[in-house]
Structure formats: C-alpha cells, structure tokens
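Asker: Mind looking over this structure? Questions follow.
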Amino acid sequence: MGSSLSACCLKEKVSQGFSRGEPAESSVWRMFSYKELHNATNGFSEEHKLGEGGLGSVYWGKTADGNQIAVKKLKSANSKAAREFAAEVETLGRIRHKNLLGLRGYCVGPDQRLIVYDYIPNLSLMSHLHGPFATDMRLDWRKRMNIIIGSAEGLVYVINYSSYSFRFGFLQP
C-alpha cells in the first residue's frame, strides 16, 4: 500500500484540483509521501491514535526530522469525500491565526487522503472538560475565560477577515 502512494506531489491549478478532489499546489504547505506519514505514525497504529471523527481518524506522529504532527486519515475515497478533503486543505492551508490549528501539509494517493496538522500536545478542550482526565486537569475560571476569548478571537478572524469560505464543521472543541 505504501509503495503505490509514495509520490503524493501535485501540480494542479485550483480549478483542476477541486474537480479531482485534490488541493491546488501551494508554497504554504508541504506535500508528504504516504511512506513518510506511515513511518511517522508507526503504521497508523492504535497506540498513536488520538481520536476518531465522522470523516476519519487522527494519529500522532513524529517526522524523521523530529517534528510532532497530527495526521488525519480520511475514511472514504468517494467523490464527496474528495471534494471535502480539497476544501479543507484549501481553506485551512491559507488561514493563519494564533488561535487556529495550523495545517502542515497533505498526501493524496489513488485510495488515500491524509491531512497533516500541527500537533497540539495538551489534548483537546473537550478532553479537558469531559474526558477521562478531566478531574486531574481542572480548568480554573481564569483559564476557561482565556479559552473562551481565544476561541472567539479565532472565530471573529474567520468570519470577518478571511476571504476564504469556511465550513464550521471543521470547528472542534
């Protein structure tokens, strides 16, 4: 599987990319090989799994140069999923704000779609509030207020200052 997806570089224009479900080329993000992401996540092992959502599973990984990453491995390779993948990469790859998750890159193959994000080491907000470690990681009201303000700043940026269409389905606590 890894060998057939080893070259994930794209040279498409935006209009061509969206029609095939592939994001357009950009100097902002990196195009990863499947082999590189497979190695970084220890073969997408359960031990590296951070969570699972409607579109796919997210894995922790460490690249050969030592950078920690989060890799979303999308479940479906149908045309709707391909369009959603392209839209997510195009949108998140161009939006830059201190309170928004950063996109590192992606990988596209015949039957694989992977999105690479910055890794956030302190777990998700949801895990701090309701997860198995919530009692150990209590958030005082000052921290909660800072989280609320930071989230609001990110949303204000997306709504008022970004020229890109943003689907709020990408929003996660």
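Residue numbers for the sequence shown, in UniProt numbering: 1 to 173. Ideal placement from N, C-alpha and C gives every residue a C-beta, glycine not left out.
#1: Confirm, please, whether the CB-CB distance from residue 103 to residue 71 is below 8 angstroms.
#2: Using 10 angstroms around the beta-carbon of residue 29, count the other beta-carbons present and answer buried if the total reaches 16, otherwise exposed.
#3: Determine the DSSP secondary structure at residue 70, reduced to helix, strand or coil.
#4: Where do the ends of the alpha helix (DSSP H) carrying residue 57 lie?
#5: I'd like the list of long-range same chain contacts for residue 48, defined as Cβ closer than 7 angstroms, with 5 residues on each side in sequence excluded.
#6: Under 7 angstroms from any heavy atom of the ligand HEM, does the C-beta of residue 132 make it?
#7: Hey, quick one: how far does the beta strand (DSSP E) through residue 109 stretch, first residue to last?
#8: When the Cα atoms are used, what is the spatial distance from residue 153 to residue 122?
#9: Report the CB separation of residue 156 from residue 95 in whole angstroms; it is logged as a contact under 8 angstroms.
Answerer: Reading from the atomic positions:
#1: Within the sequence shown, residue 71 is the residue found at index 71, counting from 1. Within the sequence shown, residue 103 is the residue found at index 103, counting from 1. It is not a contact, given that the beta carbons lie outside the stated cut-off.
#2: One-based indexing of the sequence shown puts residue 29 at position 29. So residue 29 counts as buried.
#3: Residue 70 sits at position 70 when you count from the first residue of the sequence shown. The answer is strand: DSSP assigns residue 70 an E or B state.
#4: Looking up residue 57 in the sequence shown gives position 57. Premise fails: residue 57 lies in the beta strand (DSSP E), 56-62, not in any alpha helix (DSSP H).
#5: Locating residue 48 in the sequence shown gives position 48, counting from the first residue. If we look at residue 48 and ignore the five residues flanking it on each side, its Cβ neighbours are 41, 42, 59, 60, 61.
#6: This structure does not include the ligand HEM; it has no bound ligands of any sort.
#7: Taking the first residue of the sequence shown as 1, we reach residue 109 at position 109. Its beta strand (DSSP E) spans residues 103-109.
#8: Position 153 of the sequence shown, counted from the first residue, corresponds to residue 153. Position 122 of the sequence shown, counted from the first residue, corresponds to residue 122. Rounded to whole angstroms, residue 153 to residue 122 spans 20 angstroms at the Cα level.
#9: Position 156 of the sequence shown, counting from 1, holds the residue named residue 156. Position 95 of the sequence shown, counting from 1, holds the residue named residue 95. Rounded, the Cβ-Cβ distance is 13 angstroms, inconsistent with contact.
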